[in-house]
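Q: Submitted below is the structure of interest, expressed as structure tokens.
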Amino acid sequence: GESVGLHLPTLSVQEGDNSIINCAYSNSASDYFIWYKQESGKGPQFIIDIRSNMDKRQGQRVTVLLNKTVKHLSLQIAATQPGDSAVYFCAENRGSFKTIFGAGTRLFVKA
Amino acid sequence: DGGITQSPKYLFRKEGQNVTLSCEQNLNHDAMYWYRQDPGQGLRLIYYSQIVNDFQKGDIAEGYSVSREKKESFPLTVTSAQKNPTAFYLCATKTGTSGGTYEQYFGPGTRLTVT
Numbered sequence: 001g002e003s004v005g006l007h008l009p010t011l012s013v014q015e016g017d018n019s020i021i022n023c024a025y026s027n028s029a030s031d032y033f034i035w036y037k038q039e040s041g042k043g044p045q046f047i048i049d050i051r052s053n054m055d056k057r058q059g060q061r062v063t064v065l066l067n068k069t070v071k072h073l074s075l076q077i078a079a080t081q082p083g084d085s086a087v088y089f090c091a092e093n094r095g096s097f098k099t100i101f102g103a104g105t106r107l108f109v110k111a
Numbered sequence: 112d113g114g115i116t117q118s119p120k121y122l123f124r125k126e127g128q129n130v131t132l133s134c135e136q137n138l139n140h141d142a143m144y145w146y147r148q149d150p151g152q153g154l155r156l157i158y159y160s161q162i163v164n165d166f167q168k169g170d171i172a173e174g175y176s177v178s179r180e181k182k183e184s185f186p187l188t189v190t191s192a193q194k195n196p197t198a199f200y201l202c203a204t205k206t207g208t209s210g211g212t213y214e215q216y217f218g219p220g221t222r223l224t225v226t
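Top to bottom, those sequences are chains P and D. Residues in the first sequence are numbered consecutively from 1, following the working numbering. Residues in the second sequence are numbered consecutively from 112, following the working numbering.
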């Protein structure tokens with residue numbers, strides 16, 4: 001069935017390096033994508049979003065890239081810090097009220 | 112966790128007992144959601160409600176029930192029919208404004224353990 005998934009379950013990076021977290025989606029009709037960060041024992045927090053009519057969006061230290069041709073989404077975190085250690089979920093909006101979440105990638109930041 | 116309260120944070124129950132998880136919001140959002148999260152996995156939708164007195168089943172509604180009598184409240188009951196109820200339960204809200212942003216706001220979660 002259709003799903004939003006992630007290429008890697010874990011990612012380990014050195015503090016100060018850039019991190020890239022990838023996500024594949026299968027529903028070409030989806031029009032909105034979101035990245036969430038979830039710290040241990042807490043609810044997910046919104047990081048950044050992108051609409052399907054865009055291919056790049058930048059926030060503070062984060063950039064989301066959308067490649068609709070290959071149905072691929074990525075989250076880039078610049079100068080990764082220990083506080084960035086968390087699980088990152090991509091999510092796909094299918095209609096106004098329902099969101100489909102991927103399985104998540106756990107990011108470890110080494111000091 | 113911005114205006115969404117889930118209580119309690121940890122809940123322990125014996126098998127065969129129903130248990131109700133609380134979710135309250137002061138964000139004035141129309142839509143509310145319940146998700147289940149198992150270790151190392153993503154979020155699975157249990158139920159959602161777009162407006163008061165209306166709700167729809169999500170992908171894994173069996174063994175769960177909800178009510179939406181007030182805009183601020185969306186309690187989830189985990190019944191004894193739910194075969195594997197131990198999990199982390201997350202409540203979320205979203206503004207129902209058509210054409211607006213679609214991000215969801217999450218509560219801090221309730222970790223339910225059934226033995």
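We put the CB at the ideal spot given by N, CA and C, even for glycine.
Have a look at 159/D, 188/D, 193/D and flag the residue whose alpha-carbon is nearest the alpha-carbon of residue 176/D.
A: Per the Cα distances, 188/D.
Q: So, does the CB of residue 164/D fall closer than 7 Å to a CB anywhere in chain P?
A: no
Q: Nearest CA to the CA of residue 76/P: which residue from 97/P, 18/P, 104/P?
A: 18/P
Q: Report the CB separation of residue 22/P from residue 74/P in whole angstroms; it is logged as a contact under 8 Å.
A: 5 Å
Q: I'd like to confirm the pairing. Which residues does DSSP put opposite residue 160/D in its beta bridges?
A: BP columns for residue 160/D point to 143/D.
Q: Between residue 108/P and the rest of its own chain, which residues show a CB-CB distance below 8 Å, the 5 nearest in sequence each way excluded?
A: Contacts found: 10, 11, 12, 13, 85.
Q: Please classify residue 84/P: does DSSP put it in a helix, a strand, or coil?
A: Three-state DSSP puts residue 84/P in a helix.
Q: For residue 99/P, which residues of its own chain have a beta-carbon under 8 Å away from its beta-carbon, when the five flanking residues on both sides are left out?
A: Counting only residues of its own chain and dropping the five nearest sequence neighbours on each side, residue 99/P has a CB closer than 8 Å to the CB of 34, 91, 92, 93.
Q: Tell me whether residue 171/D sits in a helix, a strand or coil according to DSSP, three-state version.
A: coil
Q: Within 10 angstroms of the Cβ of residue 217/D, are there 16 or more other Cβ atoms? Answer buried if so, exposed if not.
A: Within 10 angstroms of the beta-carbon of residue 217/D lie 16 or more other beta-carbons, which makes it buried.
Q: Is it true that the CB of residue 143/D sits closer than 7 Å to the CB of residue 118/D?
A: No, the pair does not count as a contact, with Cβ atoms beyond the cut-off.
Q: For residue 141/D, verify whether its CB is less than 6 Å away from any heavy atom of the ligand NAP.
A: No copy of the ligand NAP occurs in the structure displayed, which carries no ligand at all.
Q: Counting only beta-carbon separations shorter than 7 Å, does residue 214/D have a partner in chain P?
A: yes
Q: Should residue 50/P go down as buried or exposed, given a rule of 16 or more other Cβ atoms within 10 Å for buried?
A: Around the beta-carbon of residue 50/P, 16 or more other beta-carbon atoms lie within 10 Å, marking it buried.
Q: Just to confirm, are residue 78/P and residue 15/P a CB contact at a threshold of 7 Å?
A: no
Q: CA-CA distance, residue 58/P and residue 127/D?
A: Distance between the alpha carbons of residue 58/P and residue 127/D is about 49 Å.
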